[in-house]
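These notes concern the structure reproduced below.
In our numbering, the protein residues as written are -3 to 187.
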């Protein structure tokens, strides 16, 4: 699975989301719902940031999946039953699946360390290796336009690495907000 790692603060996530909604026309979904709730499609930068609070008891890192009709069929939404006990008061949660979905996860600051963010997507070759196992839940691999999936991922990669990055930490681009955090003493974490 191709993965592109970079460092981004919350304001950097907002800049990338604005690009995704405006120039790329992506539809954005939570990768996983909260326990006991339906999975949400998020239709604006503010809606994404509100769904993933940066602080407080509801804090969670931004983990979204991007889809466009140009990529392939509508994603599959799955309800996952939870075993009794581990998650008090909840019996299910939802996730989204699709061969050609593009995943973005933004790292959080924890213990004065900013974790890296990830841009990930499946390649056609990887999807074909798993097709026999997962075709009943994800449908045929050929239903996806793999050139369009790769083009979307490359545009995001280029925008992150060439337009939003202000420096590098090793091989990883550092976006402006992350650079400001690093200048204030926050460590850019390795993993």
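Cβ atoms here follow ideal geometry from the backbone N, Cα and C, with glycine treated the same way.
Distance, residue j Cα to residue i Cα
| i | j | result |
| --- | --- | --- |
| residue 87 | residue 143 | 39 angstroms |
| residue 85 | residue 75 | 16 angstroms |
| residue 146 | residue 65 | 14 angstroms |
| residue 68 | residue 161 | 30 angstroms |
| residue 167 | residue 46 | 31 angstroms |
| residue 70 | residue 11 | 26 angstroms |
| residue 175 | residue 40 | 25 angstroms |
| residue 23 | residue 96 | 13 angstroms |
| residue 91 | residue 163 | 35 angstroms |
| residue -2 | residue 118 | 7 angstroms |
| residue 78 | residue 34 | 14 angstroms |
| residue 73 | residue 15 | 25 angstroms |
| residue 38 | residue 44 | 6 angstroms |
| residue 56 | residue 151 | 26 angstroms |
| residue 154 | residue 89 | 34 angstroms |
| residue 171 | residue 156 | 8 angstroms |
| residue 130 | residue 138 | 13 angstroms |
| residue 13 | residue 80 | 36 angstroms |
| residue 159 | residue 124 | 33 angstroms |
| residue 18 | residue 120 | 27 angstroms |
| residue 21 | residue 48 | 21 angstroms |
| residue 25 | residue 1 | 20 angstroms |
| residue 177 | residue 104 | 11 angstroms |
| residue 173 | residue 106 | 16 angstroms |
| residue 36 | residue 148 | 22 angstroms |
Residue i: first and last residue of the uninterrupted alpha helix (DSSP H) it sits in
| i | result |
| --- | --- |
| residue 75 | That residue, residue 75, is in no alpha helix (DSSP H); its beta strand (DSSP E) goes 72 to 77. |
| residue 137 | Residue 137 -> no alpha helix (DSSP H), and no H or E assigned at all. |
| residue 150 | 142 to 154 |
Spatial neighbours of residue i in its chain, beta-carbon cut-off 7 angstroms, leaving aside the 5 residues before and after
| i | result |
| --- | --- |
| residue 188 | Outside the displayed span of the chain (-3 to 187) sits residue 188, for which this structure offers no information. |
| residue 93 | 71, 72, 74, 133, 134 |
| residue 83 | 31 |
| residue 140 | 67, 68, 95, 96 |
Close-in-space but distant-in-sequence residues of the same chain around residue i (CB under 6 angstroms, 5 per side omitted)
| i | result |
| --- | --- |
| residue 6 | 50 |
| residue 9 | 58, 102 |
| residue 100 | 60, 115 |
| residue 63 | 23, 71, 97 |
Mind pulling the beta strand (DSSP E) runs of 3 or more residues that sit fully within the stretch 160 to 187?
161 to 165, 168 to 171
Within the stretch 37 to 116, ranges of the alpha helix (DSSP H) (whole runs, at least 4 residues)
41 to 47
Do the stretch 105 to 125 and the stretch 173 to 187 meet, that is, are 3 or more Cβ pairs less than 8 angstroms apart?
yes
Counting only runs that start and end within the stretch 1 to 33, where is the alpha helix (DSSP H) found for 4 or more residues in a row?
6 to 15
For the 8 angstroms Cβ check, are there 3 or more pairs between the stretch 130 to 140 and the stretch 21 to 33?
no
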